[in-house]
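Encoded as structure tokens, the structure appears first; notes follow it.
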Amino acid sequence: MAAADLIETGASDREVARQFRVTRMSANRSRRALVSRGHGGARCKLDAGQLR
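Going by the working numbering, the sequence shown opens with residue -15, and the numbers climb by one from there.
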């Protein structure tokens, strides 16, 4: 996700909002979701034994 990449590079909410034409509140929501859940994608289905 391009917004997540921009957030991870240290861009402010204002910069993210401007580039993607969303409100600063939406950019901040995206930042909080990224911090709490990490980058999007499928969850790993391997167990600990398979990861070795």
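Virtual Cβ for every residue (Gly too), placed ideally from N, Cα, C.
query                                                                                                                 : result
Neighbourhood of Arg8 by C-beta distance below 7 Å, restricted to the same chain and skipping five residues each side : Asp(-3), Arg(-2) and Ala1
Range covered by the alpha helix (DSSP H) that runs through Asp(-3)                                                   : Asp(-3) to Phe4
Per-residue burial, Ser14 [other beta carbons within 10 Å of its own, 16 or more giving buried]                       : buried
Limits of the unbroken alpha helix (DSSP H) element including Met9                                                    : Arg8 to Arg21
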